[in-house]
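S.K.:
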Amino acid sequence: MPKSSLRLGLLLSLIGLAVISRLLPHPHNFTPVGAIALFGAAYFPRKWMALLIPFAAMWLSDLFLNNITYARMFPEYYNGFQWFGSVWVYGAFLLIGLLGMATLRKVNAPRVMGSALGASVLFFAVTNFAVWLGSAMYPKTIAGLMACYAAGIPFFGNTLLGDLVYCGVLFGVFEWVKRRSPVLAEV
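See below:
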């Protein structure tokens with residue numbers, strides 16, 4: 005099997021395992037999706053793969069979560085099959101992928117940790133802005149926007165923790181396997 009196929013198989017396997025972990029019970033916002041976007045940006049050889057594969061992984065897991073898990077838990081919010089989640093959430097993950105492309109050209113622990121922090125802040129900023137913009141809960145003023153951001157702070161800790169933990173696992177396992185199997189090193 006060609007070296008590039010082995011490497012791609014390992015990348016896809018790690019992303020697949022991370023996506024499956026999203027389907028397990030977890031605290032709010034403690035998910036692998038930001039880490040998947042950064043991981044894909046760092047290691048996929050083509051930019052379209054770096055953006056499309058994490059997006060597809062999130063979309064497929066969202067299909068399951070929205071139509072099976074959440075539809076049963078919150079039937080008042082889910083009528084009919086849900087094909088797509090929030091455009092703002094997907095947009096945030098697209099931006100996280102672009103952030104990873106800019107910051108993770110060379111992978112090392114400080115860059116991964118900094119990128120994970122940046123991903124968490126980016127997700128927090130985009131999704132809370134979307135809540136403020138699309139919700140009647142907050143007045144459409146600077147004070148209303150700040151109140152929305154303040155209400156989101158309790159979720160930020162789990163977002164950051166999820167991004168750091170999953171980045172540690174994804175990047176750590178890949179680098180460990182790569183060092184043990186030099187055939188997986190970049191071409």
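Under the working numbering, think of the first position of the sequence shown as 5, with each following residue one higher. From the three backbone atoms N, C-alpha and C, an ideal C-beta is built for every residue, glycine too.
#1: Over what stretch of residues does the alpha helix (DSSP H) that includes residue 114 continue unbroken?
#2: Residue range of the alpha helix (DSSP H) that residue 184 falls in?
#3: For the 8 Å Cβ check, are there 3 or more pairs between the region 118-137 and the region 145-165?
#4: Is the beta carbon of residue 97 sitting closer than 8 Å to the one on residue 41?
#5: For the region 28-102, list the alpha helix (DSSP H) runs that are entirely contained and at least 4 residues long, ordered along the chain.
#6: Closest to residue 151 by CA distance: which of 93, 162 and 137 is it?
#7: Less than 8 Å separating the beta-carbons of residue 33 and residue 112?
#8: Since residue 18 and residue 178 are thought to touch, with beta carbons under 8 Å apart, how far apart are those beta carbons, to the nearest angstrom?
#9: Are the CB atoms of residue 168 and residue 117 nearer to each other than 8 Å?
#10: When you compare each of 71, 13 and 36 to residue 59 by their alpha carbons, which one comes out closest?
#11: Taking the straight line between their C-alpha atoms, what separation do you get for residue 180 and residue 16?
#12: Below 8 Å between beta carbons: does that hold for residue 22 and residue 174?
#13: Report, in whole angstroms, the separation of the C-beta atoms of residue 61 and residue 104, which I expect to be a contact under 8 Å.
#14: Measure from the alpha carbon of residue 101 to the alpha carbon of each residue in 78, 123, 63 and 90, then state which is nearest.
#15: Considering only residues of the same chain and omitting the five flanking positions on each side of residue 160, which have a CB-CB separation below 6 Å?
#16: Reducing DSSP to helix, strand and coil, say where residue 21 ends up.
M.R.: Once the coordinates are examined:
#1: Residue 114: member of the alpha helix (DSSP H) spanning 113-138, first to last residue.
#2: For residue 184, the enclosing alpha helix (DSSP H) stretches over residues 146-184.
#3: Cβ pair count under 8 Å is three or more, so yes.
#4: yes
#5: With a minimum length of 4 residues, the continuous alpha helix (DSSP H) runs that stay inside the region 28-102 are 37-47, 51-68 and 74-77.
#6: 137
#7: no
#8: 6 Å
#9: Going by C-beta atoms, residue 168 is nearer than 8 Å to residue 117.
#10: Nearest C-alpha to residue 59: 36.
#11: 16 Å
#12: yes
#13: No, residue 61 and residue 104 are not in contact; Cβ-Cβ is about 14 Å, not under 8 Å.
#14: 123
#15: 128
#16: In the structure shown, residue 21 sits in a helix (DSSP, three-state: H, G or I).
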